[in-house]
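Structure first, commentary second.
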Amino acid sequence: MPDGPPPSTPSPEPGPSGGRVVVGLLVDPDLPALIARHLADVLPDDLRAHVSSEAEWNIEIVDEPFEVATRYERMIDKARAQVEGRGWDIALCLTDMPLQTSNGTIVAVISRHDCVALISLPALGGVRIRRRARRVVTAIVDELTAASEEHATDRPAEAARRLRLSRLTRRVTPADHDVDVDVDVELITPASRGSLRLLAGMVRANRPWQLTLGLSMALAGATTGSAFGILYSALWMLANALEPWRLTAFTVGAVAMLAVWLLAGHGLWRQPSTTRARALINLATILTIGYGVVVFYGALLVINLAAAGLVIPPHYMAAALGEPVGASDYLRVAVMATGLGTIAGAVGSGLENDETVRRAAYSTREQQRWRHARR
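Now the structure itself:
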């Protein structure tokens, strides 16, 4: 039995056949909080349509992250402790912690005794996460409410049917299972496709598009380098003279330089306890940084293209190049300026402290887990 608080006293049994049913959402910050706000809007209608039309469904959100943990049986123990005494009929705890076992990727674990479930949002993937979360949450509520209805023997089967539509496996935990004995059901995505979906979900939870705004030094360096490329006519001529493949290679090299500089220069490489976890977390980090750097480059390119069109008169560029100019010439200049700016941004990122880079690259809870793992 894992270390943790004893199971709480069972919550009042939900009564979907009529009356008021309170579904509480205990959420981690960032992505779980965002999904919870969406669920609060749509769940009452979903539950009336798929669970009970007679009950009055009430959704409450508590944005109060439970203690950092690295195994799901510890997490659901913490979840029980947090929801005890809140007066909820059903407690659903949303986290951005990725969970895996030898059976596959854990989407959710359910404790019927306490009417508590822990849902791992990264296991739902990186796209259509709101729709998937609605389907999973509705099926979980269906199962937990059915447990209190003697006449609803077919309800778990209906919940399982909806889960199969989501391509999830509903696995009833045997009594001799080597984790928390109060976990009755696991919802699993098979390993064959679960790892890729989990990886996409981990990158989504890190919000890589926010990397641009989080790196002030890199942004300052990129702006300075870009201005140099736009204002000097010698670089216009070089951009015009380069073959497309050379300009493309220059661009890819600049983007790769910034990505490698961030990864290697700020200790973003992780050393989890297992080889499997290490590979997954480090690959998610590479994709997060890569995605963020591409967004960084794309935003800078748009700015530089607009700046080149505003600052450089066509007749002046034509005089410098010795030939008429068009939109493609301005694009080449912008690409050259953006490449120089990206390289300057890589140098500027070296001036950022490690905590700033981690704050820009990771979600709030992933930063906390990082610090917890390094203790």
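In terms of my numbering, the sequence shown opens at residue 6 and continues consecutively.
Glycine included, C-beta positions come from ideal geometry on N, C-alpha and C.
This structure is a prediction, so every number in the text was calculated from the model and none was measured.
message = Quick check on glutamate 148: buried or exposed, where buried means 16 or more other Cβ atoms within 10 Å of its Cβ?
response = As a working note, residue 148 is residue 143 in the sequence shown. Glutamate 148 is buried by the Cβ-count criterion.
key: Per DSSP, cross-strand counterpart(s) of glutamate 65   = On the sequence shown, residue 65 is found 60 positions in, with the first residue counted as 1. In the DSSP assignment, glutamate 65 forms a beta bridge with Gly29.
ask   = Start and end of the alpha helix (DSSP H) containing serine 44?
value = By 1-based counting over the sequence shown, the position of residue 44 is 39. In the sequence under discussion, the amino acid at residue 44 is leucine, which differs from the serine named in the question. From DSSP, the alpha helix (DSSP H) with leucine 44 extends over 36-55.
inquiry  = Quick check on DSSP: helix, strand or coil for isoleucine 145?
reply    = Translated into the one-based positions of the sequence shown, residue 145 becomes position 140. If DSSP states are grouped into helix, strand and coil, isoleucine 145 belongs with the helices.
query = Which two residues bound the contiguous beta strand (DSSP E) that contains serine 58?
reply = Within the sequence shown, numbered from 1, the residue matching residue 58 stands at position 53. Per DSSP, serine 58 belongs to no beta strand (DSSP E) and is neither H nor E.
ask   = alanine 205 and glycine 314: beta carbons closer than 8 angstroms?
value = Start at 1 with the first residue of the sequence shown, and residue 205 comes out as number 200. Start at 1 with the first residue of the sequence shown, and residue 314 comes out as number 309. No, the Cβ-Cβ distance between alanine 205 and glycine 314 is not below 8 angstroms.
key: Bridge partners - glycine 109, DSSP secondary structure assignment   = As a working mapping, residue 109 is identified with position 104 in the sequence shown. Glycine 109 is bridged to Thr106 and Pro195.
task = On a CA-only basis, which of Gly199, Ala264 and Thr150 is nearest serine 125? Give me that one, please.
result = Locating residue 125 in the sequence shown gives position 120, where the first residue counts as 1. Selected option, being the one with the closest Cα: Gly199.
key: Through-space distance from histidine 55 to leucine 170, alpha-carbon basis   = Locating residue 170 in the sequence shown gives position 165, counting from the first residue. Locating residue 55 in the sequence shown gives position 50, counting from the first residue. In this prediction, leucine 170 scores a pLDDT of 45, lower than 50, which makes its location untrustworthy; the coordinate-derived value is nonetheless stated afterwards. Roughly 14 angstroms between the two C-alpha positions.
ask   = In chain order, what residues of the same chain lie with their CB nearer than 7 angstroms to the CB of arginine 91, ignoring the 5 residues before and after it?
value = The count along the sequence shown starts at 1 and reaches residue 91 at position 86. Same-chain partners within the cutoff: Gly29.
message = Considering just the uninterrupted stretch of the alpha helix (DSSP H) at isoleucine 317, what are its terminal residues?
response = Counting from one through the sequence shown, the residue named residue 317 turns up at place 312. Note, isoleucine 317: premise wrong, no alpha helix (DSSP H); not H, not E.
C-alpha gap between arginine 363 and arginine 209, whole angstroms = As a position in the sequence shown, residue 363 is number 358, starting the count at 1. As a position in the sequence shown, residue 209 is number 204, starting the count at 1. Straight-line Cα distance between these residues: approximately 15 angstroms.
Spatially closest choice to glutamate 61 from Val67, Leu52 and Glu69, by CA coordinates = Here residue 61 refers to the residue found at position 56 when the sequence shown is read from its first residue. Measuring from the Cα of glutamate 61, the nearest candidate turns out to be Leu52.
query = How is the beta strand (DSSP E) around alanine 122 delimited, first residue to last?
reply = To locate residue 122, count along the sequence shown from 1; it is residue 117. 121-125 is the span of the beta strand (DSSP E), which, as asked, contains alanine 122.
ask   = Given glutamate 155, which residues of its chain have a CB within under 6 angstroms of its CB, disregarding the five upstream and five downstream residues?
value = One-based indexing of the sequence shown puts residue 155 at position 150. In this prediction, glutamate 155 has a pLDDT of 45, which is less than 50 and means its spatial position is unreliable; what the coordinates show is noted afterwards. Excluding sequence neighbours, glutamate 155 sits near nothing in its chain.
Counterpart residues of leucine 99 in DSSP-defined beta bridges = For the purposes of this step, residue 99 is identified with residue 94 of the sequence shown, where counting begins at 1. Partner residues in the beta bridge of leucine 99, as assigned by DSSP, are Val32 and Ile124.
key: Alpha carbon of valine 32 to alpha carbon of glycine 355, nearest angstrom   = The residue labelled residue 32 in the question sits at position 27 within the sequence shown. The residue labelled residue 355 in the question sits at position 350 within the sequence shown. The alpha-carbon atoms of valine 32 and glycine 355 are separated by roughly 34 angstroms.
Secondary structure of glycine 2, DSSP reduced to three states = As displayed, the chain neither begins before 6 nor continues past 380, which places residue 2 out of reach and without an answer.
request  = Helix, strand or coil for valine 184, going by three-state DSSP, please let me know.
outcome  = By 1-based counting over the sequence shown, the position of residue 184 is 179. Summary for valine 184: the model assigns pLDDT 48, below 50, so the residue's position carries little reliability; its value from the coordinates is reported in the next sentence. Looking at valine 184 - three-state DSSP - the assignment turns out to be coil, as it is neither helix nor strand.
key: Cβ neighbours of proline 319 in the same chain (closer than 8 angstroms, five flanking residues each side left out)   = Residue 319 sits at position 314 when you count from the first residue of the sequence shown. Counting only Cβ-Cβ distances below 8 angstroms, and skipping sequence neighbours, we find Val330.
query = To which residues does DSSP link serine 116 through a beta bridge?
reply = Taking the first residue of the sequence shown as 1, we reach residue 116 at position 111. Serine 116 is bridged to Val121.
query = In this structure, does DSSP put glycine 219 in helix, strand or coil?
reply = Mapped onto the sequence shown, residue 219 falls at position 214. Correct three-state label for glycine 219: helix.
Exposed unless 16 or more other CB atoms sit within 10 angstroms - verdict on proline 213 = Your numbering for residue 213 matches position 208 in the sequence shown. Buried, by the Cβ-count rule.
key: Anticipated Cβ contact below 8 angstroms, threonine 194 with valine 112, distance rounded   = The residue you call residue 194 lines up with position 189 of the sequence shown. The residue you call residue 112 lines up with position 107 of the sequence shown. About 6 angstroms separates the two Cβ atoms, so the contact holds.
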